[in-house]
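*Asks:*
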Amino acid sequence: PRPSIMEILKLLPKTNCKECGQPTCMVFATQVAESAKGPEDCPPIGEENSKKLAEYLGRFKLDF
């Protein structure tokens with residue numbers, strides 16, 4: 007199984023700030039699901055959601 011883009015998006019700030027280098031949080035979430043980006047690549051995510059996202063992704067044994 008692969009990570010759900012929508013589950014990843016739920017943990018992101020959804021501000022489309024572009025600080026990660028992507029045009030939207032949805033594009034960023036897609037890249038996270040494909041192991042191209044990780045929680046640390048989203049500067050405004052916040053510590054709590056960063057941990058939750060890392061835990062969620064850990065279930066899929068993804069490499070960042």
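Under my numbering, the very last position in the sequence shown is 70; numbers go up by exactly one each time. Where a beta carbon is used, it is the ideal one built from N, C-alpha and C, also for glycine. Computed from a predicted structure; not experimentally measured.
(1) As a quick exercise: from G27, K57 and P50, pick the residue whose alpha carbon is nearest that of T21.
(2) Exposed or buried, which one is P45 when buried takes at least 16 other CB atoms within 10 Å?
(3) Enumerate in chain order the residues of its own chain whose CB-to-CB distance from S56 is below 6 Å, with the five nearest sequence positions on each side excluded.
(4) Going by the C-beta, is D47 closer than 6 Å to any heavy atom of the ligand PLP?
(5) Drop a sphere of 10 angstroms on the beta-carbon of L43, count the other beta-carbons inside from all chains shown, and report buried for 16 or more, exposed for fewer.
*Replies:* Quick look at the numbers:
(1) If you number the sequence shown from 1, residue 21 lands on position 15. Comparing Cα-Cα distances from T21 to each of G27, K57 and P50, the minimum goes to P50.
(2) For the purposes of this step, residue 45 is taken as the residue at position 39 of the sequence shown. It counts as buried.
(3) As a working note, residue 56 is residue 50 in the sequence shown. Cβ neighbours of S56 beyond the five flanking positions: P45.
(4) This structure simply doesn't include the ligand PLP, nor any ligand for that matter.
(5) Position 37 of the sequence shown holds residue 43. The identity of residue 43 in the sequence shown is Lys, whereas the question assumes Leu. By the 10 Å Cβ count, K43 comes out buried.
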